[in-house]
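Take a look at the structure set out below.
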Amino acid sequence: MQDLALEKTMEPALAVSNLNVEILGENGAFPVVSEMSLSVNRGETVCIVGESGCGKSMTALSLLRLLPESARVASGSIKIHGEDFLAMDQRKMEDFRGDKIAMIFQEPLTALNPVLTIGEQISESVRQHRKLGKREAFARAVKCLELVQMPDPERRARQYPHELSGGMRQRAMIALALACEPKIIIADEPTTALDVTVQAQILGLISDLQKRLGTAQILITHDLGVVAEIADRVIVMYAGRPVEECSVYELFDNPLHPYTIGLMGAVPHRGEAEAAPRRLADIPGTVPPLWDLPKGCAFAPRCPGASSRCLEERPPFVEMKPGHFAACWEHDHA
Amino acid sequence: MTLPKRFRNISLILGTLIVLAIVICAVFAPYLTTHGIEQMDMRNRFSGPTLTHWLGTDNFGRDLWSRLIFGARVSLTIACISVAVSCIIGTAVGLAAGYFGGWTDLILMRITDIFLGFPAIVLALAIVAVLGPGMVNVALAIIVVAWTEYARVVRATTLMLREQNYVLAAKALGADPARILVKEILPNAMGPIIVLASLGFGTAIISESALSFLGFGLPPPTPTWGWTLSYGTRFMRDEPWLAIIAGATIMVTVLGFNLLGDGLRDALDPRHLSRSAGKKK
Amino acid sequence: MPDTAEQIAPAPLLSVENLKVHFAIRAGVFQRQVGEVKAVDGVSFSIGAGETLGLVGESGCGKSTTGLALMGLVRVAGGRIAMKGSQDVTSMRNVPRSHRRRMQIIFQDPFSSLNPRQRVRDIIRAPLDIHRIGTMEERRAEVAKLISLVGLRSDQADNFPHQFSGGQRQRIGIARALALKPDIIVCDEPVSALDVSVQAQILNLLADLQSELGLSYLFISHDLGVVEHISHQVAVMYLGKIVEIGPKKVIFSKPLHPYSELLLRSAPSHDPHHRHQFSAVSDDIPSATKKPSGCAFHTRCPLATDLCRRVEPQLETKAHGQSIACHHR
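Residue numbers (the working numbering), protein chains in the order written: chain A, 2 to 335; chain B, 50 to 330; chain C, 57 to 385.
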C-alpha cells in the first residue's frame, strides 16, 4: 500500500524498506529497529519522533551505515537515488557519504575534531569528494559558513571548535554537512543540546536552507515542539517500531495511535496552564526493554484502551486513512 | 561454573589459581614439606630433582622444595603487612587530598612527590641499613615507597567522585566530611584500590626478594626466596637449577598477582558493571 | 488559590535578598586568580508557603547556582537568605543542620545523584541517620512510608539504583529529599533528563506532593512549558540577574522585558498550523565571563540605546505585580 503511494511521485531521494537492525548482546541478538520503512522526497522533511530507546537514533545511524560494531542491519534495503546503499562496497559507500548523504549530530563539540580549525575540517571534507586545491577548498569552506549565516565567516573558519559558542558550533556542523551539497541530510537531535533562543535560530536556519537547497531531510527528535515547527511528515516510533506515520497536520489534528495521543497529553503546553497546576495526562509505566518485549503490541501494557487481542497479537502497520498509517487494533477499520 | 559473566576472564581465573596455590603452600607449609628447612644432607649436595628431594638440594644439601615453601611464608607475610599498611596510609592521604583540595591537597601531594622522587630501592636499602634487618623493617622499607601509588590513584578517583551529585546531595542533607568520605566516596573508590593492592603484592614480593638478594633482607638461615636466588647464582655455572627454580618461583608468584590485578581491573570496570546490569551505551 | 500580587502573604516562607555568588577564574601553573565570574549577581525573590517559584533562563544564567547557594553548597559572596522562623544563614561558614532540615534539593541527573553502591532503602534512610531522627525501627517505618509516598513498590527497597529507570530514580531522589520533612524543595531541572511520558509522571508527583504536604518549590528549569505548568510565580534570569519576576499568568501572557519576550517567542509552538517564522540570524550571545556593561542584554536587545550600554537598569515594580529591569518598558 505504501509502495503505491510512492510510485505516484517521482523516485524518492531516500527510500528505506523493511529495515531491521539488531544488537548483538551477551545473550544473543535482539532487534532495535524492526520493519522500518520510510521515503523522503526532494524538499521534504520527515521527522522521526520517539523517546529514548525507541530506535530512532539507530535508524539514523543505519541510514549512513555508521552503526556501532555491536549492531548490524539484519535485513531490508536502503536506496539512495535508486541505488542500493547497503550493497555498495566500502569505496563507493565512502564516496556517497558526505557527497550524497550527510549527517548533523546532536553534540557538535564531540562531533567536530578539536585539533583542526573549522575551515580545515570543511575543506578536508570537500577535498575528499572534489578535486580542489587547498586554497579553493578553503574558499569553499568560507562560502559554506556564509551559507549557514555564520557571522564573520573568514575569521570563524580559522578558529577551533572550542572557541565557538554552542550555536556557532552547530552552524559549523551544518556547514560541514552541506560542504558537498548533499541531496539528503540526516539530522540527529540537532537542537537538543542548545538553549531555546539558539534552538529557534537553528530551526530557522534548517528550514531556510531547505527552501534554498531543496534537500531531502530526515530529522530525529524527541521534541514534539520541534516536530510541529519543521516537519512535513512524521513517523512516531515506539520500542523499535513505527507506530504511526502521517502528515504533520494530521498528526497534531487527528492522532490515531494511543501512544501518540499519550505523548501529546504528557507535554505541558504553553499558554494552557491554569493558575493552579493541573495534572498532566501521563503515560503510566516505562518503555519495555528491547530484549524483553511483550508478545503482542509493545505499547499494550501502558495503553489505556488495550484489549486482550492487543496483549496477544501485534497489530500490523497499515493505512487507516489515506496517507495515515498506524499500528493499532483499536483503529482497525479494514 | 556459574560465575557471573564479568568474572569469567582468563587472567582473573589463572591469577586466582596461582595465588591460591601459593597461599595454600604458605599456610600449610609444615604439612607440605618433606624435610626440615635446616636439615642438611651432606651426601646429597647439589642433587638434581629426585624422588626424595623434589626440587633438588642446595650447597649444604638442604631440600629446596621445603625451603621455597617456607620462603613463601616469609614473602607473603611481608607482602601482606606492607600492602595493608601502605594501602591504609595511601588511601587516607588520597581521600583527604582529593576531597578537601586547596592547601591540604597541595601539602599532601608535595609530600607524596618527595617520597616518589627517591629511587625506591636505594631508599629501601637505606632504611634497612639504618634500622637493621628484620621482618618489620623490611616491610617498612617497602611501605615507605608503596603508599604513594595508592595516594595518587585514590586522590584522582576522589577528585572525580566528589563532583558527583550524590556527594552534593549528602552535603545538602548535612552529612559531615567523615560520613561523606566513608559512605559515599570510599565504597565507589574500592575498585581501583583492590586492583592496586593485588598488583602491590607482586611489587612487594619483588622488593623483598631484591633486598634479600642484595643481602639486606632477613638474615640467613631464614629461607627467603631472594637469598636462595642470590646464592644460587654463585653456582650458576655448574648447578644452574638452584637459581632457575628460585627465580621461577618469584616470577610465577608475581605473575599470579599481576594477572589477578589485571583480571580484577576488567571485572570491576564500571562500564562492565553497568553492561551486566542490562543497560545499553 | 495563590493568585496575583495583591495577595502576597505578609511574611514569605523564604526570602532572598541581593544574593551574590562569585567564582574565581584561575589560570596558569600556580592557579592564580585572574578574574571573577559573577554567576549570581544580586538576586532577590521570595517564596510563600505552598507556592512554586519557577526560575527560568538559559544555560549559564546562574539559575542552578542560585539553587546551590540557597542550599549552602557554594560559597555565597553576599546577600541574605532568610527563612521564616529561622536565623539568617548566609554569613555562616557551616550551614546548621536545622536549616538543612527545612530546605532540600532534587538534582537534574537521576543517574549521578544516587550512590551506585547503596541500596535504595539506605539512600532514603541516610537523612534520618545523619540527623539522628527516631530509633532504627522508626526510621525503617519512615523509609517504607516514603517509598510508597513517591510511588515505588516496597519490594524495590533492596535494589540498587542501576536497577531502576530514570523516572524511578528521580522518585528515589524525591523520597530522600522528603525524608526530613522540609518546607521548601529546590528542584534543579528535575525533569530535563527524562522522557516526555516519564516527565509528566514526575511533574504530577511533584504537584500531588505539594497539595498533600503543603510544600514550596523553587523550580529551576530551562523548559518554558514545564515552568508555566508548575509555577505560581516566575522569575526570568539573564547572566546572573533576574530581569523579570511576577505572577506566572502575567509573565506568560504579557511579558514586559525584551528578553522574556525573546524566550517566549523562541519556544516551539506545538501547533503546525501556527508555525513561528524563526529567524536564522544569529545574535551576539555573551557569556557570564564577559558580561556586557550596563544592561547585560543590550547586545541582543532590539530596544537598546546608549543609556542601556552605560547604565544598568534596576528591578522596578509595574502593574499586576510584575517587576522588570529595563529602561524602556
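No residue lacks a Cβ here, since even glycine has one placed at the ideal position from N, Cα and C.
Between A:Pro-13 and A:Gly-99 the beta-carbon gap is near 20 Å, outside 8 Å, which marks them as no contact. When rounded, the separation of the alpha-carbon atoms in A:Phe-31 and C:Gln-219 is 20 Å.
Here B:Val-303 is buried. Its C-beta has 16 or more other C-beta atoms within 10 Å. With a threshold of 16 other beta carbon atoms within 10 Å, C:Ser-309 falls short and is exposed.
In this structure, DSSP gives C:Leu-129 a state outside helix and strand, which the three-state scheme calls coil. Excluding its 5 nearest sequence neighbours in each direction, B:Trp-196 has C-beta neighbours in its own chain below 6 Å: Ser-135, Ile-138, Gly-139, listed in chain order. Contact between the stretch 249-257 of chain B and the stretch 186-193 of chain B is present: 3 or more CB-CB pairs across the two stretches fall below 8 Å. Listed along the chain, the chain B residues whose CB falls inside 9 Å of the CB of C:His-78 amount to none; the nearest CB is some 17 Å away.
Your pair A:Pro-243 and A:Met-37 checks out as a contact, with CB atoms roughly 6 Å apart and the cut at 8 Å. For C:Tyr-273, the enclosing beta strand (DSSP E) covers residues 272-277.
In this structure, the straight-line span from the alpha carbon of A:Pro-109 to that of C:Ile-180 is close to 38 Å.
Under the Cβ criterion (8 Å, minimum of three pairs), the stretch 35-54 of chain A counts as touching the stretch 15-22 of chain A. Per the coordinates, the alpha-carbon of B:Ile-170 lies some 16 Å from the alpha-carbon of B:Ile-127.
Flagged as an interface residue toward chain A: C:Val-282, by a C-beta distance shorter than 7 Å. Between the alpha carbons of B:Ile-242 and B:Asp-311 lies a gap of roughly 12 Å.
Relative to the Cα of C:Ser-316, the nearest Cα in the group C:Pro-328, C:Pro-324, C:Ile-301, C:Asp-362 belongs to C:Ile-301.
In the three-state DSSP reduction, A:Ile-187 falls in the strand class (E or B). The Cβ atoms of A:Ile-284 and A:Gly-306 lie no closer than 7 Å to each other. Among the residues facing chain B, C:Pro-342 is not included, as its CB has no counterpart in that chain under 7 Å away. Rounded to the nearest whole angstrom, the CA to CA distance from C:Leu-205 to B:Thr-207 is 34 Å. Counting only the Cα atoms, C:Phe-163 lies some 23 Å from A:Gly-167.
The alpha-carbon separation between C:Phe-101 and C:Met-293 amounts to approximately 12 Å. Residues Lys-76, Gly-296, Lys-297 of the same chain have their beta carbon placed closer than 7 Å to that of C:Asp-97, with the five preceding and five following residues left out of the count. The C-beta distance from B:Val-202 to B:Leu-245 rounds to 6 Å, short enough to meet the 8 Å contact threshold.
For C:Ala-138, the beta-bridge partners assigned by DSSP are C:Ser-71. In this structure, the beta-carbon distance from B:Arg-116 to B:Met-89 does not fall below 7 Å. Judged by pairs of C-beta atoms under 8 Å, the stretch 229-238 of chain A does not touch the stretch 307-322 of chain A, as fewer than three such pairs exist. Contact between the stretch 204-219 of chain B and the stretch 165-179 of chain C is present: 3 or more CB-CB pairs across the two stretches fall below 8 Å.
Residues of the same chain with a CB within less than 8 Å of the CB of A:Pro-269, apart from the 5 flanking positions on each side, are Leu-281 in chain order. According to the DSSP secondary-structure assignment, C:Asp-97 is paired through a beta bridge with C:Lys-76. Residue ranges of uninterrupted alpha helix (DSSP H) with 4 or more members, entirely inside the stretch 127-212 of chain B and ordered along the chain, are 151-166, 169-180, 184-210.
Neighbours of B:Tyr-215 in chain C, taken as residues whose beta carbon is under 7 Å from its own, are Ser-168, Ser-169, Leu-170, Asn-171 in chain order. Under the three-state reduction of DSSP, A:Met-151 is assigned to coil, being neither helix nor strand. DSSP, read as helix, strand or coil, puts C:His-155 in helix. The Cβ of C:His-285 sits closer than 7 Å to at least one Cβ of chain A.
Contact check for C:Val-112 against C:Val-283 passes: the beta carbons are separated by less than 7 Å.
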